[in-house]
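The listed protein sequences correspond, in order, to chains Z and G. Going by my numbering, the letters in the first sequence line up with residues 471 to 743, in that order. Going by my numbering, the letters in the second sequence line up with residues 471 to 743, in that order.
Number of protein chains: 2
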Amino acid sequence: MSVSAEASYRLRYGGQVVGEPPAQWTEVLAQQLAHRSVRRYRAEGEVSDETLSALIAAAQSAPTSGNLQLWSVVAVRNDARRRRLAELAGEQEFIAQAPLFLVWLADLARARQVTSSAGSSTAEGADFVEAALLSFIDVALAAQNASLAAESLGLGTVFVGAIRNKPLEVAAELGLPPNVFPVFGLTVGHPDELAPTAVKPRLPQDAVLHKEQYTLDAAHLESYEDVLNGFYASEGLPEGWAKRVAHRFGSVSGLKGREHLRAALLDRGFQLR
Amino acid sequence: MSVSAEASYRLRYGGQVVGEPPAQWTEVLAQQLAHRSVRRYRAEGEVSDETLSALIAAAQSAPTSGNLQLWSVVAVRNDARRRRLAELAGEQEFIAQAPLFLVWLADLARARQVTSSAGSSTAEGADFVEAALLSFIDVALAAQNASLAAESLGLGTVFVGAIRNKPLEVAAELGLPPNVFPVFGLTVGHPDELAPTAVKPRLPQDAVLHKEQYTLDAAHLESYEDVLNGFYASEGLPEGWAKRVAHRFGSVSGLKGREHLRAALLDRGFQLR
């Protein structure tokens, strides 16, 4: 795999200058910088049980606050179920095409059960925003490890936030008990070499990395708009970055149903006190 | 680095049987499974600017929903500031000892600014729980990449959720504007070889991995209690897993101030609609 540090930086930042890459370069860094979203999968080619086990071992190896392990995951391989989930997630066909769809869950049910087995009459702490946040962080750390592990095995992945468009329907499809919430999906499969995807340039480092204290310099955002417009144009996409962000946040309709997320969390037992 | 798959599985699951590791094993998987929390750092040994840049490049290479990049990070090296942050985070001395403390931020300020620069009169979408969740997920995916990248370079890290004990004080210390919230910290430094840490066994895979639909089998939790009690005893720690979980969630006092997280988020502009 070992792409050089210089080449990796160039692709990741779309040619923007970001300072010297380090003298020491690792397989891990090379794999991370080469990340790209894969939404097209070869028709043949399953993901074996051994590979699935490795992805979950990677996920479980991620840090978890106080070893609480406030997450679970459902591995969906059944065709009909993937098709139903694809429909619930904004009719994204690639979910039905990928051989494996992992649905990552914020799981406070297990901790509540363990708390009660330890003789506590309530698990009041789990009613707070803090507990929900702990579970969201835990599941994201775990899933990122699984995604990178999959990429290191030559597989392609993409995160699917759109399962939050209809979280209650997704919960019903997966038989989730109260206090377990579907946070995002991750498709896993063998990339279709006929439809390769490019590394997407990110904001210049100075826009996200602050030294000692936070500063916000609008100039970074303007230079990025230029870089990203070039990238989108090369992909045949019409819109720039600012317009895309504005579509998402400019009005409630950009949330595509996710404006009901709070109500859905409450419905599933995440009390957000 | 390349520890074998079998040895990695054995350590990560404390000898529990979890099925066959995959035939294909990668540097990435080996690095992930070898993760351990490092809270003791060598007194000498800085983290260079080039290394910091590599960690941030790794973080920025993580997936981000719709390329929104709803996070930022403050790199704190200043001794006095690290000491103040150590105090705010429950007097955890290792924050002052590590040469670098990264404070990871959920950042809706940049997206609001970009939305307004694109001509939108409001950024109403950013007022919802969904926007906050997007930023929490984004920052966790990014930070996990940075942590693994650091480990691949021979550095040690540990996540610090305790900055949420006093998030408003942390925000003031770092000069955070509205709509930017400190989610967790990450210490980075050269591990003290005189105080090595062990790989912590996780729940058996069957407890977190569900096939097609969710099931919860209490037997997994009992077997884990035994495994983990053995681990804690070997580290000279008195309590088992269930008691630790119960301490955290059995009552509000286990949250150590984080029961005010919702109010703090609202105070900083995260409206959680």
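The beta-carbon is built from N, C-alpha and C at its ideal position, and this holds for glycine as well.
- Looking at the DSSP output, G:G626 bridges to G:G659.
- Burial is judged here by how many other beta carbons sit within 10 angstroms of a residue's own beta carbon; G:V487 has fewer than 16 and is exposed.
- By the rule that beta-carbons nearer than 9 angstroms mark a contact, Z:E594 touches chain G.
- In the structure shown, G:Y702 adopts helical secondary structure according to DSSP, grouped into three states.
- Within the same chain, and ignoring the five residues on either side of G:R510 in sequence, the residues whose Cβ sits closer than 6 angstroms to its Cβ are D662 and A665.
- DSSP lists Z:A545 as the beta-bridge partner residues of G:K681.
- Only residues of its own chain outside the window of five on either side were considered, and among them G560, A632 and N635 have a CB closer than 8 angstroms to the CB of G:K726, listed in chain order.
- Uninterrupted alpha helix (DSSP H) stretches at least 4 residues long and entirely within the region 501-582 of chain Z occur at 519-531, 549-558 and 564-567, given in chain order.
- At the C-beta level, Z:A610 and G:Q614 come within 9 angstroms of one another.
- According to the DSSP secondary-structure assignment, G:F598 is paired through a beta bridge with no residue.
- Taking 7 angstroms as the upper bound on Cβ-Cβ separation, chain Z lies near residues S523, A524, I526, A527, A528, Q530, S531, A532, P533, S535, G536, N537 and L538 of the region 523-538 of chain G.
- Per the coordinates, the alpha-carbon of G:D676 lies some 29 angstroms from the alpha-carbon of G:S721.
- Counting C-beta atoms within 10 angstroms of its own C-beta, Z:P708 has fewer than 16 neighbours from the protein chains shown and is therefore classed as exposed.
- Contact annotation: the region 728-742 of chain G does not touch the region 702-718 of chain G, with fewer than three C-beta pairs closer than 8 angstroms.
- The C-beta separation of Z:L572 from Z:A545 comes to about 6 angstroms, placing the pair in contact by the 8 angstroms criterion.
- Here the alpha carbons of G:P569 and G:G659 stand approximately 6 angstroms from one another.
- For G:W495, no alpha helix (DSSP H) run applies, since DSSP gives it neither H nor E.
- Looking at the DSSP output, Z:V650 bridges to Z:D577.
- Listed along chain G, the residues sitting closer than 8 angstroms to Z:Y684 by beta-carbon distance are S542, V544, L575, L644, G645, L646, P647 and V650.
- The beta-carbon of G:L679 is placed less than 9 angstroms from the nearest beta-carbon of chain Z.
- Under the Cβ distance rule, G:V697 does not count among the residues neighbouring chain Z, no pair being separated by less than 9 angstroms.
- Contact with chain G is absent for Z:V487, since none of that chain's Cβ atoms lies less than 9 angstroms from the residue's Cβ.
- Chain-order list of chain G residues neighbouring Z:T521: P492, by C-beta distance under 7 angstroms.
- For G:R728, the CB contacts under 7 angstroms within the same chain, skipping 5 residues up- and downstream, are R634 and N635 in chain order.
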